[in-house]
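Working notes for the structure below.
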Amino acid sequence: MDAQRTLRRQISCVGIGLHSGNKVNLSLKPAAADFGIRFRRTDLGGDHEVPATVHHLAGIQLATGLARNEVTVETVEHLLAALVSMNIDNVLVELNSPEVPIMDGSAAPFIYLIQEAGMKQQAAARKFLKIVRPIAISRGDKRIALYPSDHFKVTYSISYDHPLLRHQSRTLRITEESFVEQVAPARTFTFLKDVEMLRQNGLALGGSLENAIVLGETGVLNNALRFEDEFVRHKILDAVGDLALVGYPVIGHLVAHRAGHALHTEFAAKILEETDAWRLVEVGTDAALPVLMPSGRRAPRLAN
Ligand SMILES: [Zn+2]
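Right under this line is the structure:
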């Protein structure tokens with residue numbers, strides 16, 4: 000049995016929102032077993048919480064947002080990717096602004112925060128969502144699917160009409176170690192030709208070469224890439240963060256081609272609908288899995 004985990008102590012940081020450009024305080028606080036990952040806006044008063052699940056998905060534009068009643072939180076995916084990859088099941092995320100700070104455009108600063116806070120095991124079993132038959136959706140040439148596998152693996156491929164990233168593809172088994180070393184540092188990217196359009200729409204006001212890779216016509220405007228294929232690694236990061244919205248760590252092989260937040264999150268919702276395609280189990284990697292819930296009976300109980 001794998002025990003659920005939370006943080007050992009509270010930890011905070013300050014950054015700016017990518018779209019608003021506003022300063023944001025972010026705190027990560029330990030939470031009880033079965034609490035899940037929830038967001039709280041300290042600037043709104045009250046104690047309204049938004050659970051990080053597909054049930055609370057809000058506008059997906061360039062990033063993934065959540066909402067419940069009048070409370071919204073934006074750009075949650077990099078933080079969620081860091082939390083689930085570090086096997087943090089239960090945490091309260093407090094923000095004094097609608098946007099999770101963009102930091103350097105990657106998940107590495109959030110990994111650092113989690114490592115600084117430390118982790119603590121809890122007296123409750125972690126539940127995994129184990130895929131037992133394929134689930135897939137496609138929209139034009141964009142595709143995403145999950146296949147049965149003994150581990151959580153991601154295969155991502157992208158193609159763009161740009162000399163630097165015509166085609167990139169990578170398969171990675173996601174573990175705490177592989178995520179920290181090979182995925183978390185990969186930064187978000189954008190095209191210079193799109194930046195002006197975003198700004199005219201009041202978006203990306205906090206965006207700069209400090210928090211995004213910007214692609215000009217022939218190369219990147221930043222000094223250097225962190226990985227030769229940093230772009231596809233960042234897509235893996237986004238997919239891991241968006242998939243966290245199913246509310247359980249997934250055991251399966253995620254395969255995505257040219258997808259994005261809209262397709263990732265539509266897919267996360269579809270997974271929960273297809274209750275005969277998975278089972279909830281308590282053991283992450285052993286082949287002999289005790290089944291907690293027969294598939295096809297009912298949807299999982301999620302915080303709401
Ligand atoms: Zn991203």
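Everything in the sequence shown is counted per numbering that gives the first Met the number 0, starting at 0 for the first residue and increasing by one. Glycine included, each C-beta is placed from N, C-alpha and C at the ideal position.
Terminal residues of the beta strand (DSSP E) in which residue i lies
i, result
"glutamate 48", "48-50"
"valine 359", "The first residue shown for the chain is 0 and the last is 303, placing residue 359 beyond what the model contains."
"tyrosine 155", "152-158"
"lysine 28", "22-29"
"glutamine 114", "Premise fails: glutamine 114 lies in the alpha helix (DSSP H), 107-116, not in any beta strand (DSSP E)."
"phenylalanine 38", "36-40"
"histidine 18", "Taken as a continuous stretch (DSSP letters only), histidine 18 belongs to no beta strand (DSSP E), as it is neither H nor E."
"arginine 306", "Because the chain in this structure spans residues 0 to 303, residue 306 falls outside the shown range and cannot be described."
"isoleucine 212", "212-214"
"valine 280", "277-280"
"tyrosine 146", "141-146"
"alanine 66", "63-67"
"serine 168", "166-172"
"arginine 257", "Taken as a continuous stretch (DSSP letters only), arginine 257 belongs to no beta strand (DSSP E), as it is neither H nor E."
Any non-hydrogen atom of ligand 1 within 7 Å of residue i CB
i, result
"histidine 166", "no"
"threonine 187", "yes"
"aspartate 241", "no"
"histidine 77", "yes"
"leucine 236", "yes"
"histidine 54", "no"
"histidine 233", "yes"
Residue span of the alpha helix (DSSP H) that contains residue i, given as start and end
i, result
"methionine 196", "191-199"
"histidine 77", "76-84"
"glycine 104", "No alpha helix (DSSP H) contains glycine 104, which DSSP labels as neither H nor E."
"leucine 242", "229-242"
"isoleucine 270", "260-272"
Proximity winner among the options, relative to residue i (alpha-carbon distances)
i, options, result
"proline 147", "Ile130, Ser84, Pro184, Val49", "Ile130"
"isoleucine 10", "Ala185, Leu197, Leu94, Ala122", "Leu94"
"arginine 18", "Ala62, Ala32, Gly44", "According to the sequence displayed, residue 18 carries histidine and not arginine. Among Ala62, Ala32, Gly44, the Cα nearest to that of histidine 18 is on Ala62."
"glycine 240", "Gly20, Leu78, Gly45", "Leu78"
"valine 182", "Ile113, Glu76, Glu229", "Glu229"
"histidine 307", "Ile101, Asp88, Thr5, Val219", "There is no way to answer for residue 307, as the model of the chain reaches only from 0 to 303."
"leucine 271", "Gly246, Ala255, Lys141", "Gly246"
"threonine 41", "Ala116, Glu98, Phe226", "Glu98"
"glutamate 175", "Ala203, Asp33, Ala107", "Ala107"
"asparagine 8", "Asp46, Phe127, Ile157, Met118", "According to the sequence shown, residue 8 is arginine rather than asparagine. Checking every option, the nearest Cα to that of arginine 8 belongs to Met118."
"glycine 316", "Gly45, Leu43, Asp46, Val75", "Past the boundaries of the shown model lies residue 316; the chain is included only from 0 to 303, so the question cannot be answered."
"asparagine 86", "Phe226, Ile113, Gly20", "Ile113"
"threonine 5", "Gln120, Arg39, Ile110", "Gln120"
"histidine 252", "Ala238, Asn21, Val72", "Ala238"
"alanine 344", "Gly45, Arg39, Gly44, Asp88", "With the chain covering only 0 through 303, there is no way to say anything about residue 344."
"isoleucine 110", "Leu163, Arg225, Phe178, Gly64", "Phe178"
"threonine 154", "Val254, Arg37, Asp103, Leu163", "Val254"
"glycine 35", "Val280, Ile101, Gln3, Ser207", "Gln3"
"phenylalanine 190", "Leu242, Leu163, Leu244", "Leu163"
"glycine 206", "Asp1, Lys22, Met0", "Lys22"
"glutamate 115", "Ile157, His54, Cys12", "Cys12"
"threonine 264", "Gly64, Val282, Ile101, Glu180", "Gly64"
"methionine 0", "Thr71, Ala32, Ala123", "Ala123"
"aspartate 88", "Arg142, Thr217, Ala243", "Ala243"
"leucine 56", "Ala261, Ile15, Phe226", "Ala261"
"isoleucine 15", "Arg142, Ala223, Ile101", "Ile101"
"proline 248", "Glu273, Asp193, Leu279, Asp103", "Leu279"
"aspartate 103", "Leu208, Asn24, Lys192", "Leu208"
"tryptophan 277", "Arg37, Arg132, Val70, Ile143", "Arg132"
Check: residue i C-beta below 7 Å from any heavy atom of ligand 3
i, result
"leucine 6", "Absence of ligand 3 from the depicted structure is noted, with ligand 1 being the only ligands included."
Using 8 Å as the cut-off, can you tell me whether the stretch 17-30 makes contact with the stretch 85-92, which would need three or more C-beta pairs spanning the two stretches below that distance?
yes
Is there contact here, the stretch 210-218 with the stretch 71-90, by at least three beta-carbon pairs under 8 Å?
no
Inter-stretch contact at 8 Å, needing at least 3 Cβ pairs: the stretch 227-238 / the stretch 174-190
yes
If we count Cβ pairs, one from each stretch, closer than 8 Å, do we get three or more for the stretch 38-50 versus the stretch 140-160?
no
Would you say the stretch 263-278 touches the stretch 122-139, given that touching needs at least three Cβ pairs under 8 Å?
yes
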